[in-house]
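Colleague:
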Amino acid sequence: MSDKRDTPSFMSRAFPDITPLQQNKQKNNTAGKRKSRPKTRPASDDFDSPLLQLSGSSTIGANDELSYQGHGVQNRIMRELKRGKISIESQLDLHGQTVAQAHQSCMRFIHHNRQPRQCCVLIIHGQGYRSTGGIPVLKQHIDYWLQQHDAVLAYCSALPRDGGKGAVYVLLRKKGRGISD
Numbered sequence: 001m002s003d004k005r006d007t008p009s010f011m012s013r014a015f016p017d018i019t020p021l022q023q024n025k026q027k028n029n030t031a032g033k034r035k036s037r038p039k040t041r042p043a044s045d046d047f048d049s050p051l052l053q054l055s056g057s058s059t060i061g062a063n064d065e066l067s068y069q070g071h072g073v074q075n076r077i078m079r080e081l082k083r084g085k086i087s088i089e090s091q092l093d094l095h096g097q098t099v100a101q102a103h104q105s106c107m108r109f110i111h112h113n114r115q116p117r118q119c120c121v122l123i124i125h126g127q128g129y130r131s132t133g134g135i136p137v138l139k140q141h142i143d144y145w146l147q148q149h150d151a152v153l154a155y156c157s158a159l160p161r162d163g164g165k166g167a168v169y170v171l172l173r174k175k176g177r178g179i180s181d
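What the sequence shown shows, in our numbering, is residues 1 to 181, in sequence order.
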């Protein structure tokens with residue numbers, strides 16, 4: 001049983017100002033065509049990694065504060081983090097590192113600092129004053145990487161005594177909770 005709404009005349013009456021697309025009856029014959037191999041890049045060219053590229057749609061300035069509160073993180077915990085009330089277990093300084101080096105250091109640091117309980121670490125990324133154009137490259141990447149990492153519950157810019165807007169307090173998830181270790 002055919003539905004009358006599927007007929008071309010119904011569609012042309014329902015949408016008089018719309019012209020249908022012309023359909024191409026020709027089919028592409030892919031049989032016999034050689035598939036091209038993907039080009040391999042040298043291992044040193046790791047800027048192609050999606051984690052090392054940013055869309056550029058949002059630019060974070062040197063004086064901008066970073067803040068992220070993951071799902072399920074209580075507002076009280078976030079307030080304590082922002083006030084520097086959670087003791088820092090370890091810190092990482094990324095000054096002078098390339099984006100690729102900083103990414104590797106940051107991921108390794110997070111992995112090695114996971115504990116059986118939630119813990120807070122400090123990552124110093126700098127404000128980017130010596131970067132080309134004054135854009136804080138590492139700060140932008142840190143903001144992106146930390147939001148993508150399963151072990152990160154929350155983070156925010158540090159207090160001036162701990163590096164200010166050139167550093168972040170990072171609250172890490174308990175080891176063995178929610179992600180593979």
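Built from N, CA and C at the ideal position, the CB exists for glycine as well.
Here's the rule: buried if 16 or more other CB atoms are within 10 angstroms of the residue's CB, otherwise exposed. What is Y129?
Modeller: Its Cβ having fewer than 16 others within 10 Å, Y129 is exposed.
Colleague: Rounded to the nearest angstrom, what separates I110 and Y155 at their Cα positions?
Modeller: For I110 and Y155, the distance between alpha carbons rounds to 13 Å.
Colleague: Which residue or residues does DSSP assign as beta-bridge partners of I88?
Modeller: Bridge partners of I88: C120.
Colleague: Are there 16 or more other CB atoms within 10 angstroms of the CB of H71, so buried, or fewer, so exposed?
Modeller: It is exposed - the Cβ of H71 has fewer than 16 other Cβ atoms within 10 Å.
Colleague: Under the three-state reduction of DSSP, which class applies to V99: helix, strand or coil?
Modeller: If DSSP states are grouped into helix, strand and coil, V99 belongs with the helices.
Colleague: Would you kindly work out how many angstroms separate the C-alpha atoms of L81 and G126, rounded to a whole number?
Modeller: Those two C-alpha atoms are separated by around 19 Å.
Colleague: When the distance is taken between beta carbons, is Q97 closer than 8 Å to S105?
Modeller: It is a contact, given that the beta carbons lie within the stated cut-off.
Colleague: Just the C-alpha distance for H103 and D93, rounded to the nearest angstrom, thanks.
Modeller: H103 and D93: Cα-Cα distance of roughly 12 Å.
Colleague: Hey, A167 and L122: beta-carbon distance below 8 Å or not?
Modeller: Taking 8 Å as the Cβ cut-off, A167 and L122 qualify as a contacting pair.
Colleague: Under DSSP, the beta strand (DSSP E) around Y169 begins and ends at which residues?
Modeller: Residues 167-172.
Colleague: So which of L153, H149, T132, L159 has the shortest CA-CA distance to G61?
Modeller: With distances taken between Cα atoms, G61 lies closest to T132.
Colleague: Hey, out of D150, A151, L153, I124, whose CA is closest to Q140's CA?
Modeller: Ranking the options by Cα distance to Q140, first place goes to I124.
Colleague: Expressed to the nearest angstrom, what Euclidean distance is found between the alpha-carbon atoms of D143 and P116?
Modeller: Taking the straight line from one Cα to the other gives about 25 Å.
Colleague: I need the DSSP call for S184, collapsed to helix, strand or coil.
Modeller: Residue 184 lies beyond the stretch modelled for the chain, which goes from 1 to 181, so this question has no answer here.
Colleague: Under 8 Å by Cβ, that's how I've got Y68 and L146 pegged, so tell me the actual separation to the nearest angstrom.
Modeller: The Cβ separation is near 6 Å, so the contact holds.
Colleague: Among P136, M107, R161, which has the Cα closest to the Cα of D150?
Modeller: The residue with the shortest Cα to Cα distance from D150 is M107.
Colleague: From what residue to what residue does the alpha helix (DSSP H) around L66 run?
Modeller: L66 -> no alpha helix (DSSP H), and no H or E assigned at all.
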